[in-house]
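One structure below.
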Amino acid sequence: MAEMIVFIIFAAVALIGAISMVAASNPVYSVIGLLATMFAIAVLYLMLDAHFVAAIQVIIYAGAVMTLFLFVIMLIGVDTSDVYGAQTLRQRVMTGIVALTFFASIALAGRTVWITGSDAFGKPNLNGTAEAVAGELFGTWTIVFLSTVMLLTIAAVGTIALAYFPQDGTQDEVPR
Amino acid sequence: MTLTITWFLFLAAGLFSIGLAGVLIRRNALVMFMSIELMLNAANLTFVAVSKELGLIEGQVTALFVMVVAATEVTIGLAIIVAVFRTRSSANVDELAELKG
Amino acid sequence: MQNMALLPVAFEVILVTGAMLVLLVAVIADKPRKMWAPIAGVAFLASVVAGVFQWRAVAETGGGLFFSTPGLVIVRSPMVVMDGLSAFAAIVLGLVGFVAFVGSWDLVTVLGKRSAEFVALSLLAVAGLHMMTATPNLIVIFIGLETASICFYVLAGFIRGSKQSDESALKYFLLGSLSSAMFLYGIALVFGATGSLTIYGANSIRDFFSLTLITEPGILLAGLALMLAGLFFKVSAAPFHQWAPDVYQGAPSGAVALMAAGVKVAGFAVLARIFVGGFISQIDTWAPVMAVIAALSMVLGTTMALVQTDLKRLLAYSGVAHSGYLLATLVAGIDGVPPMWFYVSTYAFMIIGAFTVVSVVNGPTSSGAPIASFKGLAKRSPAMGWLLAIIMFGMSGMPFFAGFVGKVLAFVVAGEAGYLWLVVIGTLATVIGLAFYLRVVATIFSSEGDEEKLEPSRSSRFVVAICAAITVLFGIVPWPLLDVVREALPL
Amino acid sequence: MVDFLWLVIAFPLAGAVVNLIFGRRIGQPASGWLAFGLVAVSWAIAVPPTIGFITGGAQTETIFLFAWIPLVGADAALLWDPLSALMTMIVTGVGALIHLYSIGYMNRDERYPRYFAFLNLFIASMMILVLAANYAMMFIGWELVGLSSYLLISFWFTKPAAAAAGKKAFIVNRIGDWGYLVALMVIFATFGTFDFNTIFSTAPGVLTAGTATAITLLLFVGAAGKSAQLPLYIWLPDAMEGPTPVSALIHAATMVTAGVFMIARSAVLFELAPVSGVVVAVVGAMTALVAALIALSQTDIKKVLAYSTISQLGYMVLGIGVGAYAAGVFHLTTHAFFKALLFLGAGSVIHAMAGEQDMRKMGGLRKKMPITFLTMGVAWLAISGVFPFSGFWSKDEILAETFARGGGYYVLWAVGLFVALLTAFYMTRLFVMTFLGAPRWDDGVHPHESPRTMTIPLIVLGFFTVSAGIVNTPVRLAFKHFLEPSFEGVVHAKSLDLGLLAILGTIALIVAVIGIVWSWRKYSGAELPAEDGRWWERSRAAFGVDEFFGRSLVAPGARASRWVADTMDLKVIDGAAHGIGGGVRRVSEGLAKLQTGQVRSYAGGVAVAGTILIFVFLYVGGAF
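Printed below as a string of C-alpha cells:
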C-alpha cells in the first residue's frame, strides 16, 4: 500500500510536470516542468529496482541535458510569443483528440495483458545495481557499448559543423 | 489495490501521449524538442518496467543506451536550433515554411 | 575461425577508423583536403571488400553467424549477425557510400576547411546504416538508425547561413526524432509483449513465437505498428513521407544523394530483417497493412510528382512511389527479399546519379533545383543530359533499364502472394509515372534554355556515368545480380 | 540460317546507335545510305528462311537467344513462323524502300542523321515486336515502337503542331498500353508464363470463357490503340504532322498493323472468346465506316490518306474479328504496299508543290510528274478495289468471309460494302483533284518530277500493288496455306463455293465502279464542285468524334487528356500547374495543400497515421 501511495504521488508529479511543460507559455517553465518529470521518473526507476539507471537519469537528464536546454534558451532569448492564444482552438482540440486517441489505442491494446513475456525463464530477482548493469554492459553488450563511439563523435563533429562560426569568416562559403 | 507493473506501463503510455501532444501543439522548436525527449523517457520507463517484471536486465541496459542516443540528439538538435536562430532570429517553427508544395 | 574474429564488424571498424583519420588529418596536416579523398575513398572501398569477405564467409559456412564480442560466437543474445542479408547490405552500402562520396566531392571542395566534418559524417553515416542491417537486436537497430539519422540531420543543414538548408535540417531533425521516438516505443512494447529484444538466439522473438501461443497479442500488435510507422517514415512511404520533399529540396544538392540512397537501402534491409526475418509468423497481420501503404505510396508519390516544378522535390515524390514498389515486394515474405534487393540496389544508384546531376547543374550547395534550369541540358553538357535521361528512363520502368526488371519482379512476387489489386494499381502508377519522368527528359532535350556550357567536374562525371551504366547494365543483363540476391536473405 | 535471325534486329539497332553518335561526322547522304543498307541487309538475311516456308521445307522454330527474366518465362527468344516471316518481309522490305525514298526526301534537313537513326530504331523495335516469342518481349517491342514513332512524329518539334501530334499519339497509345499491360498481368496470373508456345498449347484446356474474354478484350484495347481503331484512332490523323515517309512507313504500312498482328498472333485466345470476336468485328466495321465518312471531305491530301488508313485498318480488324485471320493478314500485306505507295506518292507531290498539302491548290499534275501519276494511279485502283489489283482480292476476301458467317454478320457485310463505295469515291476524288483537271497552283510553284531515289521505291511498290493480289485468289489460296502453320488450332470460317464468291466479287466490283464513276463525274470538271451543306461540314470536322472522345475517353474530362499532353509540354513546365487539368489536377493540388511546409502539420500527419496504423493492426490481428 505504501508503494501504491509513493507511485501515485510520483506518477502525479510526472504527469503534472509533463503537462505543464506542454502548456507553459514561457519555455523556461517548460524546462522546469520537464525537470520535475525527469526526477519523478528517476524515483519510479528506484521503485523498479533500477538503481543505476535512476542515478544516470538524474545525472544525464536532470543534470546535463536540461541544463543544456536552459542554456540554449538563455542564448537565443526567451521567446514568449508562443503563448496560448497563438494556437487556434481548432489546433488545440485536434491535438487533444490525436493524443487521446493514441493513448486509447495503447490502452486498448494493453487492456487485458501487457506482458506475455517468457515466463519459461522464471522471474529472477532483479537488482539493477551498477555492478549488475556493468556486468551485462561489458559482457554481452560490449560491442554495442563500443559502437556508441560513433554517436559521441557525431555529437562533437556535428555541433562544430553546425554552430561553430569562426571569427574571420574565411571558412564560410557563400551560399548560392 | 496492489501496485502491479501495468500501472507503470499505463503511466508511460500517458507520458508518451503528452509528449506527442507537445510536439503537435507547440511552435517553439525547443519545446517541441523537449516533448520528444519526454517521449524517449516514456519508452525508457516501459523498458525498465518490463525488465523488472520479467527479470531481464536487458531492459535497464537498453535504457542506458537510449540515454546516450538522446544525449547525442540533444547536442545536435540544439546546434541546429541555434543555427536556425542565427539566420532567422526565431525558433518558431511556424515561420519555417519556405519549402512546401 | 580465428582470422574471422573481426570480420562481422569489419565494415563498421573500417569506416569509423576512416572517419577518425580524416578528423586527425584535418587537425594536424597543413593542406589536409588532398588527403581526405584517398582516406575516405579507400575506407569506402575497403568496406566493400570487407563486405565481399563477409559474403564469402557466409557462403562457406552455409548460413549466418552470430557474434556478441569479437571472436566469440555467442548464441544467447547475439549483438551482431553476419548472414546473406548483412553481407550484401555491406557490399551495396559500401558502394553507395563510395559513389555518393565521390559525387559530393564538388561540395567538399566548396566547403573549405569545414569539409573534414562533412567527410567524417558521411563515413559514420554509412557505418550506422550498415549497423542497422547487421544486427538481430532491436536496440542495436535503433542505435544504428539514430547514428545514421543524426549524421543526416547535420548534413541537411550543412550550408550555414542558408535559410533553406537550415529549415530542411530542423524539419528533418524534429520529424525524424519524433519518428525515432515512435520506433523506440514500438520496440519497448514488443519487448513487453515478448520479453525479448533479439530476433535470433536463445530467448529470442522467434523462440517466443514458436513456443508461445499468444491469444491476446494487443501490445505486440501495437508495438509492431509503431515500429513499422518509424521505418515507414525513414523510407518515406506515404503517409509518412511529407518530410522528404522539403528536406531534399532544402538540403545541399551535393549531400542529398547519400541521404536518399543510403536510407532506402538500409531501411528496406531492416524491414526485411525485422518483419520477414523476425515476425514472419505474423505475416497475415502486417502484410495487408504493408500492401495498403505500398498502394498509397505509389498513388500519392506519382500524383504529387506530376505537379512538381523542382527536380529535387520531384525525385523525392518519385522516391515515395519507389518505396511503394519496394514495399510491394516485401508483402510476399521471404520470396520478396531478392526482388527487394534487386530493386533497391539499382534504385540507389539511379537516385545518386540523378542528384549528382542536380548538384552539377544547380551547384553543390544549392537548395532547390527548378526543372526549368534543366532546359537544354543535353546541349549545355551532352554527357550529363544523356546520362540523366538514361537514369530517368531507368526510374520510370522503361524496358531495357534496371527499373523495369525491378518492377516486373516486384509485381510478379506481389501477384503470386495474392495481391493482384496491388499489381494493378502498381502498373497504373507506373504508366502515369512515365509522364513526369518523360517531362524531365523532354526538358533536357528542349532547344530553349541557357546556352552557356556546363563543365562538370571529373568526379561527378565519373559518378553519373557509373550510375547510368548500372541502370542500363542490369536492365539488359539482370541475371548475374539476380543470382546473387537470391542468397541475400535474412536468416 | 535461322540462327542468324537475330541480326535482323541487331543491324538496324546498330545503325541507330551509329547514326545517333557519329551521324554528324558521317555526313549528309552517307548516313542515309548507311541506314538504308543495314535495313536492306536485314531484309536479305530474312529472305532465305522465308523462302523455306514458301516451298514448305521449313518448320516453325523458336530461337533462344539469352535468358532475360527466367523467373517469368520471359527470355529473349525469337518465334519464327510464317506470320512473323511475312511481317519481317513487309517491315524490312517496305522499310528499306522508304529509307531509300527518305534519302532524297529529307535532303538538306538539318537533323538528317538523327532522322535516320530514329527510322532505324523504329525498324529494330518493330522487328523485336514481330519476332518476339513471348508477350513480355513483344511488349518491349511494342513500347519501343511507340517511342520511336513518337520521336518521328514530333521530328520537326519546332513546329507546334508536330509536337502536339507527338504528344497526342503518345497519350492515346498509353491508354492502349494500359490495356495490354493489364492483359499481360491476367495472362501471367492464369498461365504463369509469358511464353507463346506454352500459352497457346495449354490455353484450350486452361482458359475459361470468362478469362479468355477478359484477356482478349484487354489485348484488343491495346491493339485498338496501336492500330487506330474506334475510339482510339484520334491520334493517327494528327500524326501526319511528321515527315511524309514516316507517315508511309509507320502510319500506313507497319506500325499501325502491329495491333492486327498482335491479335493474329493471339488467334488461339480469340478463338476461345467468341464474345470478343463479335466486339472486334463490330468495332472494325464501325471504324471503317466512320473513317471513310470523314475521309470524304478532307482537303489535305495526307489527311485523306490518314483516314483511309484508319478505314482500311477497320477492314483488317473486321476480318480478324470474324475469324478470317488469313484474310485480315492478307489485307494487311496488300495494304502495306498500296498505302505506302500512296503516301510516298503524296510525299512526291508535296515535295513537288513545295510543301503544299491542300488538294484544292493542286490539279493537272499529270504532265509534270508522269511516274508519280502512273504509280499512284495503280494504287488508287488497288485501294478502290478494282479487278485485278491487289486491293480487290484482299478486300473481297474479308467481305466474303464476313458474309459467310451469316446472321447478324450480313449487316457487317453491308457496312463493309458501303465503305467500299465510299473508298472508291474519296480515292477518286483525291486522284482527280490532284492529277487531273486544270492546274490551281499558287503563284511561284513549279512542280517537277522527284529525284530517282524517290521514284524507284514508287515503281517497286507499284509492281507489288499490281501483282500482290495474285498470291491469294479464291482459285488458288497460296497465301492462306502459307500462313496455316501460324493458325494451327484456329477454326477457319467455312469455305465458300466459287459461284457465291464470284457473285460477291462482282457486287463489290460494281459498287467500286459506281463510286469511281460518280466521283469522277463530280470532280473532273473545270471547276471544283462546292462541298457545302451540313453533311460535308460535319464530315470535314470529323463529326466531332475527335473532340467527343477527347472529352469523354482519355480520362473523365477533356482537361485530363490535355493535362497529360501538357505535362509533356515544355512551355508549361515553368508554370507546371497551368498545364494540368481535370480531376487529377485538383487532386494533386488538394494534396499539395496538405504539404504546407509546416513542421507541426507534418508531425500531425505522422502521429495520426501512426495511430491509425495501431488501430488497423489491432483490427487485422484480431485483438479487438
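Protein chains in written order, with our numbering: chain A, 168 to 343; chain B, 482 to 582; chain C, 39 to 529; chain D, 46 to 669.
Backbone N, C-alpha and C fix where the C-beta goes; we use that ideal spot for every residue, glycine too.
- For F247 (chain C), the number of other beta carbons within 10 angstroms of its own is at least 16, and it is reported as buried.
- By alpha-carbon distance to G72 (chain D), the top candidate from D:L338, D:D441, D:L226 and D:N152 is D:N152.
- Close to chain A, meaning a Cβ-Cβ distance shorter than 8 Å, are the following residues of the region 255-289 of chain C: P255, G256, I257, L258, L259 and A260.
- Collapsing the DSSP output to three states places L124 (chain D) in a strand.
- Between E155 (chain D) and chain C, the shortest Cβ-Cβ separation is not below 8 Å.
- A Cβ-Cβ contact shorter than 8 Å links G141 (chain C) with S497 (chain C).
- Close to G453 (chain C), with beta-carbon spacing below 9 Å, are these residues of chain D in chain order: M230, F233 and A234.
- Within the region 490-555 of chain B, the alpha helix (DSSP H) runs of at least 4 residues that lie entirely inside it are, in chain order, 510-535.
- Pairing T232 (chain C) with I225 (chain C) gives a Cβ-Cβ distance that is not under 8 Å.
- Beta-bridge partners assigned by DSSP to A172 (chain C): none are found.
- Legend: CB atoms of the region 552-568 of chain B lying less than 7 Å from CB atoms of chain A belong to residues A552, T553, V555, T556, I557, L559, A560, I561, I562, V563, A564 and F566.
- Non-local C-beta neighbours of S76 (chain D) in its own chain, meaning closer than 7 Å and more than five positions away in sequence, comprise N64, G68, Y157, P158 and F161, ordered along the chain.
- Looking at the backbone, the Cα of R569 (chain B) and that of L364 (chain C) are separated by about 39 Å.
- Considered as a whole, the region 154-211 of chain C harbours 176-194 as its complete alpha helix (DSSP H) runs of no fewer than 4 residues, in chain order.
- The beta carbon of L263 (chain D) lies closer than 6 Å to those of G224, V227 and A228 in the same chain, with the five residues before and after it left out.
- Burial of L334 (chain D) is indicated by the presence of at least 16 other C-beta atoms within 10 angstroms of its C-beta.
- Secondary structure note for M120 (chain C): its beta strand (DSSP E) is the uninterrupted segment V118 to M120.
- CA-to-CA, the gap between V217 (chain D) and V301 (chain D) works out to about 13 Å.
- Judged by DSSP in its simplified three-state form, E401 (chain D) adopts coil rather than helix or strand.
- The Cβ of L535 (chain B) sits closer than 8 Å to at least one Cβ of chain A.
- Judged by beta-carbon spacing, V542 (chain B) lies within the 8 Å limit of L304 (chain A), meaning their Cβ atoms are closer than that value.
- Residue burial annotation: G635 (chain D) is exposed, with fewer than 16 other C-beta atoms found within 10 angstroms of its C-beta.
- Shown here for G288 (chain C): same chain residues with a beta carbon closer than 6 Å to its own, the five before and five after excluded, namely Q202, S203, E205, S206 and S405 in chain order.
- Across the region 192-224 of chain A, no CB contact with chain C closer than 9 Å is found for any residue.
- Between F56 (chain D) and V92 (chain D), the C-beta spacing is not below 8 Å.
- Only those residues of the region 304-325 of chain A whose C-beta falls short of 9 Å from the nearest C-beta of chain D would be listed, and there are none.
- Counting the other Cβ atoms within 10 Å of the Cβ of A301 (chain A) gives fewer than 16, which makes it exposed.
- With fewer than 16 other CB atoms across the displayed protein chains lying within 10 angstroms of its CB, W581 (chain D) is exposed.
- Across the region 63-85 of chain C, no CB contact with chain B closer than 9 Å is found for any residue.
- For F111 (chain D), the secondary structure class from DSSP, reduced to helix, strand or coil, is strand.
- In chain order, V265, T268, F269 and S272 make up the part of chain A whose C-beta sits under 8 Å from the C-beta of T656 (chain D).
- Per DSSP, the beta bridge partners of E106 (chain D) are D:W125.
- Contact of A273 (chain D) with chain B is not assigned, every C-beta pair being separated by 8 Å or more.
- Per DSSP, the continuous alpha helix (DSSP H) segment holding E454 (chain C) begins and ends at A440 to E454.
- At least 8 Å separates the CB of R257 (chain A) from every CB of chain B.
- Counting along the chain, the unbroken alpha helix (DSSP H) around D245 (chain C) starts and ends at I243 to L249.
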